[in-house]
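Below: one structure, written as structure tokens.
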Amino acid sequence: SAEVKLAVFGRAGVGKSALVVRFLTKRFIWEYDPTLESTYRHQANIDDEVVSMEILDTAGQEDMLQREGHMRWGDGFIIVYDITDRGSFEDVVPLKNLLEEVKKPKNLTLVLVGNKADLEHARQVSTEEGERLAAELSCAFYECSACTGEGCISEPFHELCREVRRR
Ligand code: GTP
Ligand code: MG
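Heads up: the sequence shown runs through residues 1 to 167, numbered per the numbering used here.
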């Protein structure tokens, strides 16, 4: 069976842990508990292949050295921003640039996720802006909500596995 190492990045509070936990357990965590760093193992059947994922949920607060280590470790990356926090959207390109520095660009497999889509009234980043940025980064894009589970939470994880396996 295939082994894929996925790492989730994004500013503190965007909902990285909530997304990972929603994906793994179908539950939502209301409390905000800043992550130190957690890894999870998960097996899924993706296109008739059993894929073993190792998922690293990074801390928004991690330092540069830790971040680079996590980037070196991963095969594929999810960059998350919060649609109600423009600053978290502005963090995406610098994260992508660092990923490019650490990985060779052709080893760079990532997807972009705009989380908290349930908070439409507080939206600061339009869907079109997210789509445009993803096109610039040539990566898949998903808007979703770890809270309601809307927007196919599994899809970014599965798509990332597919792309890593295709490469
Ligand atoms: P760090 O570990 O500090 O980097 O933060 P994080 O990115 O892991 O954020 P976390 O998952 O802990 O979520 C932060 C807060 O946002 C928590 O209170 C979550 O309940 C909330 N949250 C996460 N996802 C969503 C969502 O889709 N909708 C709403 N309404 N709240 C969310
Ligand atoms: Mg966290």
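Here a beta-carbon is modelled for each residue, glycine too, at the ideal position from N, C-alpha and C.
Discussion item. In the DSSP output, which residue or residues are listed as bridge partners for residue 114?
Written reply: As a beta-bridge residue in DSSP terms, residue 114 pairs with 81, 143.
Fill in: Inter-residue CB distance, residue 76 and residue 164 (contact presumed, cutoff 8 Å)
At roughly 4 Å, the Cβ-Cβ gap stays under 8 Å, so residue 76 and residue 164 are in contact.
Fill in: Buried versus exposed call for residue 127 [16 or more other C-beta atoms within 10 Å across all chains shown]
The residue in question, residue 127, is exposed, as its Cβ has fewer than 16 Cβ neighbours within 10 Å.
Worksheet item: Should residue 98 be listed as close to the ligand GTP, given that the test is whether its C-beta is under 7 Å from any heavy atom?
Response: It does not: the Cβ of residue 98 is nowhere closer than 7 Å to a heavy atom of the ligand GTP.
Worksheet item: Quick one: what's got a C-beta closer than 7 Å to residue 22's C-beta in the same chain, skipping five residues either side?
Response: Exclusion of the five residues before and after residue 22 leaves 28, 146, 149, 153 as the residues of its chain whose Cβ lies within less than 7 Å of its Cβ.
Item to complete: Indicate whether residue 47 and residue 162 have their beta-carbon atoms separated by less than 8 Å.
Response: Closer than 8 Å, so yes.
Discussion item. For the alpha helix (DSSP H) containing residue 97, name the first residue and the last one.
Written reply: For residue 97, the uninterrupted alpha helix (DSSP H) run begins and ends at 92-102, by DSSP.
Discussion item. With three or more beta-carbon pairs closer than 8 Å as the criterion, would you say the stretch 105-115 touches the stretch 60-73?
Written reply: The stretch 105-115, when compared against the stretch 60-73, does not touch it at the 8 Å Cβ threshold.
Worksheet item: Roughly how far, in whole angstroms, is the beta-carbon of residue 160 from the beta-carbon of residue 83, given that I think they are within contact range, below 8 Å?
Response: Actually they do not touch by this definition, with Cβ atoms about 20 Å apart.
Worksheet item: Cβ-heavy atom distance between residue 35 and the ligand PLP below 7 Å?
Response: No copy of the ligand PLP appears in this structure; the ligands present are the ligand GTP and the ligand MG.
Discussion item. Spatial neighbours of residue 15 within its chain, please: C-beta separation below 7 Å, excluding the five flanking residues on both sides.
Written reply: Listed in chain order, the non-local C-beta contacts of residue 15 below 7 Å within the same chain comprise 80, 82, 115, 116, 146, local neighbours out to five positions each way being set aside.
Worksheet item: When every heavy atom of the ligand MG is checked, does at least one fall within less than 7 Å of the C-beta of residue 88?
Response: For residue 88, the CB stays at least 7 Å from every heavy atom of the ligand MG.
Fill in: DSSP state of residue 39 mapped onto helix, strand, coil
Correct three-state label for residue 39: strand.
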